[in-house]
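In UniProt numbering, the protein residues as written are 1 to 388.
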């Protein structure tokens, strides 16, 4: 929160958006900040009520294209809300906005939660329970429906979340006259907030439910089926509704002994023989969805990479896939038959680009030729000296 921006009536600064922000960006910024500075969520912040009111004032202007244009033209100093089409009824600030901050937040809250009933503000802002689900590499990559046992507070089955014993009456809250809201005077501001006595319910329980003792909530263990989408990553968190509550599930993806993940792409190793590497051929390996087959080109080098397009991980909520990159590894045999050794020695004798020597092999053909030439010239030199 930038109090300096608020004092200067910089509505864009109050909401933390740029002057080119879209209406969607403005609404989202207001919603996030209003949740943060709502008096019910910031009881220890003495400035929360004023900040909450400032947010409503900024949003009311910037969310209206006519008012926003006038504000952009004349600035904060020359901005007259009445000229922007506002009526004369003012809830909380003389010369300011005409909207009740609490009512505005209720309206935007309903839009962001699909029309969910606002209900008790405390329940709305309470921290969601968090759970961890272990997934194998394959489950995370391909998606799976998996069961998870959770302990969660939900509406009491006896009183259906009302908190009062079934068949008994409740009395209207005298503090807020049954509205669930109270008006607070904060100096230059007047605003409405959730009633502190009834918690926004508008009524007072006379006879508490014997099961939940008036809280309206009971803790119970449930087994829920979690639809894990294909492509989730380690540490990713999703929200899920369980009864009337929302929980957070964080995925812990185990490492694969075969695959290495890089975004939507996967990497794995495939071993081939020396003959396959030299002459080429085909090879098979383990794929994410099926056994993969690939063509090995002649003279294949160690760690050469073969790309299998579209054989990687599916993008979440999409039909596109990453690629599978196969890294070629050449397997060197630990033991040879006599025939294999003989054939290799014969091949080694024909090599001309060896740096150093090969055990059991005489100098290569190229080296033999050089030795012969050197021997020839030495003989010629000796013969020349004799003749002279």
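Positions of the beta carbon are idealized from the N, C-alpha and C atoms, including for glycine. This one's a predicted model, so the numbers in the text were calculated from it and none came from an experiment.
request  = Jot down the residue ranges of each uninterrupted beta strand (DSSP E) in the UniProt domain "CR-type" (143-221), minimum 3 residues, whole runs only, in chain order.
outcome  = 144-155, 170-172, 181-186, 189-194, 203-205
task = Measure the CB-CB distance between residue 349 and residue 362 and report whether it falls below 9 angstroms.
result = Taking the chain shown and counting its residues from 1, the one referred to as residue 349 is at position 349. Taking the chain shown and counting its residues from 1, the one referred to as residue 362 is at position 362. The answer is yes: Cβ separation under 9 angstroms.
query = Helix, strand or coil: how does DSSP classify residue 20 here?
reply = The residue you call residue 20 lines up with position 20 of the chain shown. Coil at residue 20, not helix or strand.
ask   = My guess is that residue 133 and residue 146 are in contact by the Cβ rule of under 8 angstroms, so how many angstroms apart are they, rounded?
value = Along the chain shown, one-based indexing puts residue 133 at 133. Along the chain shown, one-based indexing puts residue 146 at 146. Yes, residue 133 and residue 146 are in contact; Cβ-Cβ is about 7 angstroms, under 8 angstroms.
ask   = Helix, strand or coil for residue 72 per DSSP?
value = By one-based count along the chain shown, residue 72 stands at place 72. Here residue 72 carries a helix assignment [DSSP, helix/strand/coil].
request  = Give me the Cα-Cα distance between residue 55 and residue 36, rounded to the nearest whole angstrom.
outcome  = Here residue 55 refers to the residue found at position 55 of the chain shown. Here residue 36 refers to the residue found at position 36 of the chain shown. Roughly 11 angstroms between the two C-alpha positions.
request  = Report yes if the C-beta of residue 145 is less than 8 angstroms from at least one heavy atom of the ligand NAD; otherwise report no.
outcome  = The ligand NAD is not part of this structure, which contains no ligands at all.
ask   = Should residue 308 and residue 326 be called a contact, given that it needs their Cβ atoms to be closer than 9 angstroms?
value = Here residue 308 refers to the residue found at position 308 when the chain shown is read from its first residue. Here residue 326 refers to the residue found at position 326 when the chain shown is read from its first residue. Contact flag set, yes.
query = Is residue 354 close to chain C, meaning its C-beta is less than 9 angstroms from at least one C-beta of that chain?
reply = Although the question refers to chain C, the structure presented lacks it and comprises just one protein chain.
ask   = In whole angstroms, what is the alpha-carbon distance linking residue 256 and residue 267?
value = Along the chain shown, read from residue 1 onward, the residue named residue 256 stands at position 256. Along the chain shown, read from residue 1 onward, the residue named residue 267 stands at position 267. Rounded to the nearest whole angstrom, the C-alpha separation of residue 256 and residue 267 is 11 angstroms.
Residues near residue 229 by beta carbon distance below 6 angstroms, same chain, minus five either side = Within the chain shown, the letter at position 229 stands for residue 229. The residues are 143, 316.
key: Best match in 355, 162, 149, 324 for proximity to residue 258 [C-alpha to C-alpha]   = Numbered from 1 along the chain shown, position 258 holds the residue referred to as residue 258. Here the closest residue by C-alpha is 324.
request  = If I'm right that residue 170 touches residue 247 with Cβ under 8 angstroms, what's the distance once you round it to whole angstroms?
outcome  = Taking the chain shown and counting its residues from 1, the one referred to as residue 170 is at position 170. Taking the chain shown and counting its residues from 1, the one referred to as residue 247 is at position 247. Not really, about 30 angstroms apart at Cβ, beyond 8 angstroms.
ask   = Tell me the DSSP bridge mates of residue 355?
value = Translated into positions along the chain shown, residue 355 becomes position 355. In the DSSP output, where bridge partners are listed per residue, residue 355 has none listed.
task = Would you mind reading off the limits of the alpha helix (DSSP H) that contains residue 54?
result = Taking the first residue of the chain shown as position 1, residue 54 is located at position 54. From DSSP, the alpha helix (DSSP H) with residue 54 extends over 48-62.
task = My understanding is that residue 167 touches residue 205, with C-beta atoms under 8 angstroms, so please give their C-beta distance in whole angstroms.
result = Taking the chain shown and counting its residues from 1, the one referred to as residue 167 is at position 167. Taking the chain shown and counting its residues from 1, the one referred to as residue 205 is at position 205. Incorrect: roughly 13 angstroms between the Cβ atoms, too far for contact.
query = In three-state terms, what does DSSP make of residue 44?
reply = Translated into the one-based positions of the chain shown, residue 44 becomes position 44. It is coil, neither helix nor strand.
inquiry  = Measuring alpha carbon to alpha carbon, tell me which residue in 32, 49, 158, 34 is nearest residue 213.
reply    = By 1-based counting over the chain shown, the position of residue 213 is 213. Comparing Cα positions, the closest option is 158.
request  = Would you kindly work out how many angstroms separate the C-alpha atoms of residue 220 and residue 250, rounded to a whole number?
outcome  = The residue you call residue 220 lines up with position 220 of the chain shown. The residue you call residue 250 lines up with position 250 of the chain shown. So the alpha carbons of these two residues sit roughly 21 angstroms apart.
Which of helix, strand or coil DSSP assigns to residue 256 = Within the chain shown, residue 256 is the residue found at index 256, counting from 1. Three-state DSSP puts residue 256 in coil, outside helix and strand.
message = Among the candidates 29, 295, 282, whose CA atom is the shortest distance from the CA of residue 60?
response = If you number the chain shown from 1, residue 60 lands on position 60. The option with the nearest alpha carbon to residue 60 is 29.
task = Tell me, please, which residues DSSP counts as bridged to residue 261.
result = Against the chain shown, residue 261 aligns to sequence position 261. Partner(s): 266.
key: Inter-residue spacing [alpha-carbon to alpha-carbon] between residue 154 and residue 240   = If you number the chain shown from 1, residue 154 lands on position 154. If you number the chain shown from 1, residue 240 lands on position 240. Roughly 14 angstroms between the two C-alpha positions.
query = So what does residue 322 bridge to, in DSSP terms?
reply = By 1-based counting over the chain shown, the position of residue 322 is 322. According to DSSP, which records beta bridges pairwise, residue 322 is partnered with nothing at all.
task = Please name the residue or residues paired with residue 327 in a DSSP beta bridge.
result = On the chain shown, residue 327 is found 327 positions in, with the first residue counted as 1. Bridge partners of residue 327: 269, 305.
ask   = Can you name the start and end residues of the beta strand (DSSP E) that residue 239 belongs to?
value = Reading the chain shown from its first residue, position 239 is the one you call residue 239. Residues 237-242.
Status (buried if at least 16 other CB within 10 Å, exposed otherwise) for residue 254 = The residue you call residue 254 lines up with position 254 of the chain shown. Exposure of residue 254 is indicated by the presence of fewer than 16 other C-beta atoms within 10 angstroms of its C-beta.
ask   = Can you tell me whether DSSP reads residue 11 as helix, strand or coil?
value = Within the chain shown, the letter at position 11 stands for residue 11. Three-state DSSP puts residue 11 in a helix.
Of the residues 301, 27, 280, the one placed nearest residue 329, counting alpha carbons only = As a first step, residue 329 must be located in the chain shown, where it is residue number 329. Taking only the C-alpha atoms, the option nearest residue 329 is 301.
query = In the DSSP assignment, what residue or residues form a beta bridge with residue 283?
reply = On the chain shown, position 283 is the one that residue 283 refers to. DSSP lists 294 as partners of residue 283.
query = Residues in its own chain within less than 7 angstroms of residue 195 by CB, not counting five upstream and five downstream?
reply = Mapped onto the chain shown, residue 195 falls at position 195. If we look at residue 195 and ignore the five residues flanking it on each side, its Cβ neighbours are 173, 175, 176, 180, 181, 182.
task = Return the first residue and the last residue of the alpha helix (DSSP H) that residue 350 is part of.
result = The count along the chain shown starts at 1 and reaches residue 350 at position 350. First-last of the alpha helix (DSSP H) with residue 350: 338-350.
Spatial neighbours of residue 120 in its chain, beta-carbon cut-off 7 angstroms, leaving aside the 5 residues before and after = Position 120 of the chain shown holds residue 120. Confidence at residue 120 is low in this model, with a pLDDT of 45, below 50, so its placement is unreliable and no value can be given for it.
ask   = Could you give the residue range of the beta strand (DSSP E) that holds residue 134?
value = As a first step, residue 134 is located in the chain shown; it is residue number 134 there, counting from the start. Looking at the DSSP string, the run of the beta strand (DSSP E) that includes residue 134 is 130-135.
task = To the nearest angstrom, report how far apart residue 287 and residue 293 are at their CA atoms.
result = For the purposes of this step, residue 287 is taken as residue 287 along the chain shown, with counting starting at 1. For the purposes of this step, residue 293 is taken as residue 293 along the chain shown, with counting starting at 1. For residue 287 and residue 293, the distance between alpha carbons rounds to 9 angstroms.
Close beta carbons around residue 225, own chain, < 6 angstroms, minus the five adjacent residues each side = As a first step, residue 225 must be located in the chain shown, where it is residue number 225. If we look at residue 225 and ignore the five residues flanking it on each side, its Cβ neighbours are 145, 147.
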